[in-house]
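**Student:**
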Amino acid sequence: MTAKTITIVGGGLAGLTLGIGLRQQGVPVTVWEAGHYPRHRVCGEFISGHGQETLSRLGLRELLERAGAVSASTAAFSSATKSAPPRSLPARAICLSRFTMDHALAVEFRRFGGELLEDQRRRDGDYDEGVVRATGRRAQAQENGMRWFGLKVHARNVALTADLEMHVSPRGYVGLCRVDRGAVNVCGLFRRRAGEDNTSQNWRECLRGQTGSPLQQRLAGAEFDESTFCAVAGISLRPQRATARAECCVGDAITMIPPVTGNGMSMAFESAGIAVEPLAAWSRGEISWAETRATLAHRCDAAFARRLAWATWLQRMMLAPSLQNVLVRFMSHSEWFWRTAFERTR
Ligand SMILES: Cc1cc2nc3c(=O)[nH]c(=O)nc-3n(C[C@H](O)[C@H](O)[C@H](O)COP(=O)(O)OP(=O)(O)OC[C@H]3O[C@@H](n4cnc5c(N)ncnc54)[C@H](O)[C@@H]3O)c2cc1C
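Okay, structure coming up:
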């Protein structure tokens, strides 16, 4: 029997990783991508968690290292008024721009014989047998009366005190980390009340932080590369279950984890890794599509449910103004708190 083709809608990290994994099993794969490569994305570009094991298993970690991935082993937290000294990360992370990473994965997918259709947006609702949804986060205008939005730019002339700096404020948080090409990623997630006017504040002011804050001091001499700037709105951070989705999904199309964890890309890689075996079995005609979908969804939920709950709790604490200084103190003084927060959210 000839192998049946898998169609993947979305050529982001989850879609391309899945495509490569399936091609390695000899499965015919077509990926539809609405955009093209290379392109900048709103992302902290900090990869932390078990997804790195998936990358190694598929031989992709080396690819990303060759592409210029930077290793990260320390992190430091600051509130609008206090800074904690850097701490070692309990497990190493890697940092690579999405501009470089998505392009490298697209080239690798094609090298393995995958068919990649760029600038091709697939109609929504087209999820029959053999079609996987890897379209990324699902836009939602507001959540609990709040609108979430993300901003990203690369900068030069920024001296970091740790490989990852996380700056929290009542409006959101901004992460700073070194990426490839000698740039520093400056990426923030912010919220505002639905209906609140924010036209007076531009993206530079949002990213630079409050007057006198450690973030503002850190970025005092920063030169932003405007060509790398991007923004995204309509972010939903309420955890969802793969088993509740009607389609066969991987990555953010299942659910988003709060970006403060630096684990969203890891979940994209992990879910793609989980999906390879059941989808390859369907392609060979060994199991039905319903069985494939259920197996994949149950495995993803088993892998992600606990960390999603912890991440939601952590983000809530980080955004509560009265708890921000306490959190920064705990992160710097309690090894137990630091390890627990790190390990439970990945
Ligand atoms: C502010 C912010 C900061 C973040 N920081 C980090 C971080 O530091 N570390 C981390 O691990 N994660 C971070 N994330 C999360 C991370 O970016 C995502 O988890 C990751 O991109 C998910 O990958 P994906 O492949 O599921 O989706 P995406 O990377 O979004 O890819 C989806 C792709 O599908 C395509 N597409 C969509 N619809 C269609 C269609 N109909 N037809 C064809 N193509 C389509 C899109 O063009 C896109 O290329 C952050 C997110 C935000 C918002």
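When you number the sequence shown by our numbering, it's gap-free, plus one each residue, and the end is 1733. All C-beta atoms in this analysis are idealised placements derived from N, C-alpha and C, irrespective of residue type, glycine included.
Report the residue from Ile1395, Gly1660, Gly1621 whose alpha carbon sits nearest the alpha carbon of Gln1507.
**Tutor:** Locating residue 1507 in the sequence shown gives position 120, counting from the first residue. Of the candidates Ile1395, Gly1660, Gly1621, the one whose C-alpha sits nearest the C-alpha of Gln1507 is Ile1395.
**Student:** Give a yes or no on whether the C-beta atoms belonging to Glu1610 and Arg1543 are separated by under 7 Å.
**Tutor:** Taking the sequence shown and counting its residues from 1, one reaches residue 1610 at position 223. Taking the sequence shown and counting its residues from 1, one reaches residue 1543 at position 156. It is a contact, given that the beta carbons lie within the stated cut-off.
**Student:** Distance check for Pro1415 and Val1566, CA to CA, integer angstroms please.
**Tutor:** The residue you call residue 1566 lines up with position 179 of the sequence shown. The residue you call residue 1415 lines up with position 28 of the sequence shown. Going by the C-alpha atoms only, they are around 34 Å apart.
**Student:** By the 10 Å Cβ neighbour count, where 16 or more other Cβ atoms means buried, how is Thr1648 classified, buried or exposed?
**Tutor:** For the purposes of this step, residue 1648 is taken as residue 261 along the sequence shown, with counting starting at 1. Residue burial annotation: Thr1648 is buried, with at least 16 other C-beta atoms found within 10 angstroms of its C-beta.
**Student:** Glu1432 and Gly1398: beta carbons closer than 7 Å?
**Tutor:** Taking the first residue of the sequence shown as position 1, residue 1432 is located at position 45. Taking the first residue of the sequence shown as position 1, residue 1398 is located at position 11. Against a cut-off of 7 Å, the Cβ pair of Gly1398 and Glu1432 comes out as no contact.
**Student:** In terms of residues, what are the limits of the alpha helix (DSSP H) holding Thr1679?
**Tutor:** Within the sequence shown, numbered from 1, the residue matching residue 1679 stands at position 292. Its alpha helix (DSSP H) spans residues 1676–1706.
**Student:** If you compare alpha carbons, which of Arg1509, Asp1550, Gln1439 is closest to Gly1422?
**Tutor:** As a first step, residue 1422 must be located in the sequence shown, where it is residue number 35. Selected option, being the one with the closest Cα: Arg1509.
**Student:** Can you confirm whether the stretch 1588–1605 touches the stretch 1488–1504 when touching is taken to mean that 3 or more C-beta pairs between the two stretches lie within less than 8 Å?
**Tutor:** no
**Student:** Would you check whether ligand 1 has a heavy atom nearer than 6 Å to the C-beta of Leu1576?
**Tutor:** The count along the sequence shown starts at 1 and reaches residue 1576 at position 189. Leu1576: yes, Cβ under 6 Å from ligand 1.
**Student:** Check this for me: beta carbons of Arg1534 and Ala1581, under 7 Å apart or not?
**Tutor:** Stepping through the sequence shown from its first residue, residue 1534 is reached at position 147. Stepping through the sequence shown from its first residue, residue 1581 is reached at position 194. Their beta carbons are under 7 Å apart, which means Arg1534 touches Ala1581 by this criterion.
**Student:** From this set, Val1555, Gln1627, Met1388, Gln1412, which residue's C-alpha is nearest Gln1711's C-alpha?
**Tutor:** Reading the sequence shown from its first residue, position 324 is the one you call residue 1711. Ranking the options by Cα distance to Gln1711, first place goes to Val1555.
**Student:** Could you give the uninterrupted runs of the beta strand (DSSP E) lying entirely in the stretch 1416–1492, keeping only those of 3 residues or more?
**Tutor:** 1416–1419, 1457–1465, 1474–1482
**Student:** Pick from Val1573, Pro1473, Phe1656, Gln1527: whose alpha carbon is nearest that of Arg1595?
**Tutor:** For this step, residue 1595 is matched to residue 208 along the sequence shown. Relative to Arg1595, the option among Val1573, Pro1473, Phe1656, Gln1527 whose CA is nearest is Val1573.
**Student:** Just how far apart, CA to CA, sit His1490 and Ser1709?
**Tutor:** Walking along the sequence shown from the start, residue 1490 turns up at place 103. Walking along the sequence shown from the start, residue 1709 turns up at place 322. The straight-line gap from Cα to Cα measures roughly 42 Å.
**Student:** How close, in whole Å, do the beta carbons of Glu1664 and Thr1441 come, if the pair is a contact with beta carbons under 8 Å?
**Tutor:** Taking the first residue of the sequence shown as 1, we reach residue 1664 at position 277. Taking the first residue of the sequence shown as 1, we reach residue 1441 at position 54. Contact doesn't hold; Cβ gap of about 12 Å is too wide.
**Student:** Whole angstroms are fine: how far does the CA of Leu1683 sit from the CA of Thr1548?
**Tutor:** Within the sequence shown, numbered from 1, the residue matching residue 1548 stands at position 161. Within the sequence shown, numbered from 1, the residue matching residue 1683 stands at position 296. Distance between the alpha carbons of Thr1548 and Leu1683: 41 Å.
**Student:** Measure the alpha-carbon distance for Ala1659 versus Leu1563 and round it to whole angstroms.
**Tutor:** Counting from one through the sequence shown, the residue named residue 1659 turns up at place 272. Counting from one through the sequence shown, the residue named residue 1563 turns up at place 176. Cα to Cα, Ala1659 sits roughly 27 Å from Leu1563.
**Student:** How many Å lie between Arg1591 and Arg1733 at the Cα?
**Tutor:** Taking the first residue of the sequence shown as 1, we reach residue 1591 at position 204. Taking the first residue of the sequence shown as 1, we reach residue 1733 at position 346. Rounded to the nearest angstrom, the two C-alpha atoms are 31 Å apart.
**Student:** Should Arg1509 be listed as close to ligand 1, given that the test is whether its C-beta is under 6 Å from any heavy atom?
**Tutor:** Sequence index remark: in the sequence shown, residue 1509 carries index 122 (1-based). Within the cutoff, so yes.
**Student:** Is there at least one non-hydrogen atom of ligand 1 closer than 6 Å to the beta-carbon of Trp1723?
**Tutor:** The sequence position of residue 1723 within the sequence shown is 336, counting from 1. No, since every heavy atom of ligand 1 falls outside the 6 Å radius drawn around the Cβ of Trp1723.
**Student:** Below 8 Å on the Cβ atoms is my guess for Val1457 versus Ile1481; work out the distance and round it to an integer in Å.
**Tutor:** Along the sequence shown, one-based indexing puts residue 1457 at 70. Along the sequence shown, one-based indexing puts residue 1481 at 94. Contact holds; Cβ gap of about 7 Å.
**Student:** Hey, quick one: how far does the beta strand (DSSP E) through Met1533 stretch, first residue to last?
**Tutor:** Locating residue 1533 in the sequence shown gives position 146, counting from the first residue. It spans 1533–1543 - the beta strand (DSSP E) in which Met1533 sits, taken as one unbroken run.
**Student:** For my contact list, Pro1472 and Ala1463 are in at a C-beta cut-off of 8 Å; report their separation, rounded to the angstrom.
**Tutor:** Position 85 of the sequence shown, counted from the first residue, corresponds to residue 1472. Position 76 of the sequence shown, counted from the first residue, corresponds to residue 1463. At roughly 7 Å, the Cβ-Cβ gap stays under 8 Å, so Pro1472 and Ala1463 are in contact.
**Student:** On the three-state DSSP scale, how would you describe Leu1405?
**Tutor:** Residue numbering aside, residue 1405 sits at position 18 when the sequence shown is read from its first letter. The answer is helix: DSSP assigns Leu1405 an H, G or I state.
**Student:** Which class does Glu1634 belong to by DSSP, given the choice of helix, strand or coil?
**Tutor:** The count along the sequence shown starts at 1 and reaches residue 1634 at position 247. Here Glu1634 carries a coil assignment [DSSP, helix/strand/coil].
**Student:** Taking 6 Å as the cut-off, is the C-beta of Pro1477 nearer than that to any heavy atom in ligand 1?
**Tutor:** Taking the first residue of the sequence shown as 1, we reach residue 1477 at position 90. No - ligand 1 has no heavy atom lying nearer than 6 Å to the Cβ of Pro1477.
**Student:** Below 8 Å on the Cβ atoms is my contact criterion, and I expect His1427 with Cys1617 to pass it. Report the Cβ-Cβ distance as a whole number of Å.
**Tutor:** Along the sequence shown, one-based indexing puts residue 1427 at 40. Along the sequence shown, one-based indexing puts residue 1617 at 230. Right, their Cβ atoms sit about 5 Å apart.
**Student:** My guess is that Thr1615 and Val1540 are in contact by the Cβ rule of under 8 Å, so how many angstroms apart are they, rounded?
**Tutor:** In the sequence shown, residue 1615 corresponds to position 228, counting from 1. In the sequence shown, residue 1540 corresponds to position 153, counting from 1. Their Cβ separation, rounded to whole angstroms, is 6 Å, which keeps Thr1615 and Val1540 in contact under 8 Å.
**Student:** Kindly indicate which residue of Arg1525, Leu1400, Ala1570 has the alpha-carbon position closest to the one of Val1545.
**Tutor:** Counting from one through the sequence shown, the residue named residue 1545 turns up at place 158. Relative to the Cα of Val1545, the nearest Cα in the group Arg1525, Leu1400, Ala1570 belongs to Ala1570.
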